[in-house]
Amino acid sequence: MSQTDVRRARRFRVPEPTASVRAGSGEPLLLIHPFMLSHDVWADVVPLLADEYDVVAVTLPGHWGGPKLRRRDVGLRAFADGVEELMDDLGWATCHIAGNSIGGWLSLELARRGRARTVTAIAPAGGWKRFSLTQFLVGLKFLMLVPMVLLGRLTGDLGARLGFLQRLALRVVVHRPGRVPGERAKNYVRAASNCSAFLPYMWADLRDGGMVADHLRDIKVPVQLVFCELDWLLPPARCAPLYVDGLPDAMVVTLEGLGHVPSYEAPERVADAIREHLHRNRRRSVAG
498 MSQTDVRRAR
508 RFRVPEPTAS
518 VRAGSGEPLL
528 LIHPFMLSHD
538 VWADVVPLLA
548 DEYDVVAVTL
558 PGHWGGPKLR
568 RRDVGLRAFA
578 DGVEELMDDL
588 GWATCHIAGN
598 SIGGWLSLEL
608 ARRGRARTVT
618 AIAPAGGWKR
628 FSLTQFLVGL
638 KFLMLVPMVL
648 LGRLTGDLGA
658 RLGFLQRLAL
668 RVVVHRPGRV
678 PGERAKNYVR
688 AASNCSAFLP
698 YMWADLRDGG
708 MVADHLRDIK
718 VPVQLVFCEL
728 DWLLPPARCA
738 PLYVDGLPDA
748 MVVTLEGLGH
758 VPSYEAPERV
768 ADAIREHLHR
778 NRRRSVAG
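Heads up, this note's numbering is the position in the sequence shown plus 497, with the first residue counted as 1.
Okay, structure coming up:
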């Protein structure tokens with residue numbers, strides 16, 4: 498192989514991702530990304546919160562850069578177990594948790610397990626009953642990503658650099674793809690194309706169903722539910738009621754003009770929503 502061929506091969510080799518990122522100091526704050534993606538979702542949010550908090554953005558097991566996960570073990574429980582293992586390694590018995598999509602669902606599951614101090618669940622997944630129309634519609638939307646995932650896997654890092662593929666894939670999770678920084682767009686395609694848990698989790702979700710409404714009664718910490726007005730993947734009209742009804746004391750916020758992964762389009766607004774929830778409950782704690 499010539500030097501030119503070696504350089505070309507290296508150029509289109511998918512970069513090796515990190516399992517998590519940590520910045521700042523203060524009270525512990527854990528950020529959990531959506532399904533198929535990685536901690537890179539939070540790359541522009543972490544610096545905005547690190548001035549007040551010890552922020553860790555984690556990558557879930559079975560995802561690009563996360564711990565390996567056997568196909569037969571893939572499921573929400575295994576994802577939550579993986580996050581708990583990281584918290585144990587960090588020495589965090591509890592922490593504040595913010596999560597987006599499946600990260601929001603996991604945030605609430607970790608609160609149920611007693612590991613959260615507060616929760617900010619952004620466009621939380623799981624707002625459906627097993628074998629419901631909503632569950633099937635969400636599953637079909639994810640299956641629409643299969644051609645993009647296969648193209649990304651076949652082309653290595655070339656797929657992540659193709660503008661048309663970035664825009665096509667981003668339209669699933671954002672309202673305005675042009676707002677997404679170039680590196681975020683590349684890492685979005687890389688993560689989605691290299692998520693080994695993708696198809697196994699689709700089966701696990703169909704088998705297990707969404708959030709168990711009764712589990713919400715076990716959550717005793719302050720919860721903020723953040724819904725995105727223009728969320729095509731998990732429309733609030735369909736996916737919010739289970740959470741709003743099951744968590745009547747939760748603060749409910751709507752981010753207008755944003756799609757399913759708002760940190761890509763407006764990291765400042767996402768950071769502000771998280772910070773305001775933490776400040777509000779800090780004041781309550783001091784007052785108490």
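Backbone N, C-alpha and C define an ideal beta-carbon position, used for all residues, glycine too.
Neighbourhood of Q632 by C-beta distance below 6 Å, restricted to the same chain and skipping five residues each side
W625
Residues in the same chain with beta-carbon distance under 8 Å from P674, minus the five sequence neighbours each way, listed in chain order, please.
Q663, R664, L667, R668, A682
Going by alpha carbons, who is nearest to C725 out of W602, F532, A516, A620?
A620
Does V670 come out as helix, strand or coil in the three-state DSSP assignment?
coil
Among all the DSSP beta bridges, which residues are the ones paired with T631?
Partner(s): none; T631 has no beta bridge.
Beta-carbon separation of A770 and V723 under 9 Å?
It is a contact, given that the beta carbons lie within the stated cut-off.
Count the other CB atoms within 10 Å of the CB of T501; is the residue buried (16 or more) or exposed (fewer)?
Since pLDDT at T501 reaches only 44, below the 50 mark, its modelled position is unreliable, and no value is offered.
Could you tell me the boundaries of the beta strand (DSSP E) in which D524 lies?
The question names Asp, yet the displayed sequence has Glu at residue 524. Residues 524–529.
Evaluate contact between the stretch 552–562 and the stretch 526–541, counting only Cβ atoms and requiring at least three cross-stretch pairs below 8 Å.
yes
Contact set for A575: own chain, Cβ-Cβ below 7 Å, skip 5 residues either direction:
Correct list, in chain order: P558, L566.
I'd like to check one pair, A768 with L546: are the Cβ atoms closer than 9 Å?
yes
As an exercise, report each continuous alpha helix (DSSP H) stretch of at least 4 residues that is fully enclosed by the stretch 525–599, in chain order.
543–546, 573–587
Let me know if P531 comes out buried or exposed under the rule of 16 or more other beta-carbons within 10 Å of its beta-carbon.
Buried.
Taking DSSP as the reference, what is the three-state secondary structure of R766?
helix
Answer with buried or exposed for V643, where buried requires no fewer than 16 other C-beta atoms within 10 angstroms of its C-beta.
exposed
Residue interval of the alpha helix (DSSP H) (run including M645):
643–652
Neighbour-count burial assignment, V503, 16 or more Cβ in a 10 Å radius
Residue placement at V503 is poorly supported in this model, since its pLDDT is 36, which falls under 50; the coordinates still yield a value, given next. That one is exposed.
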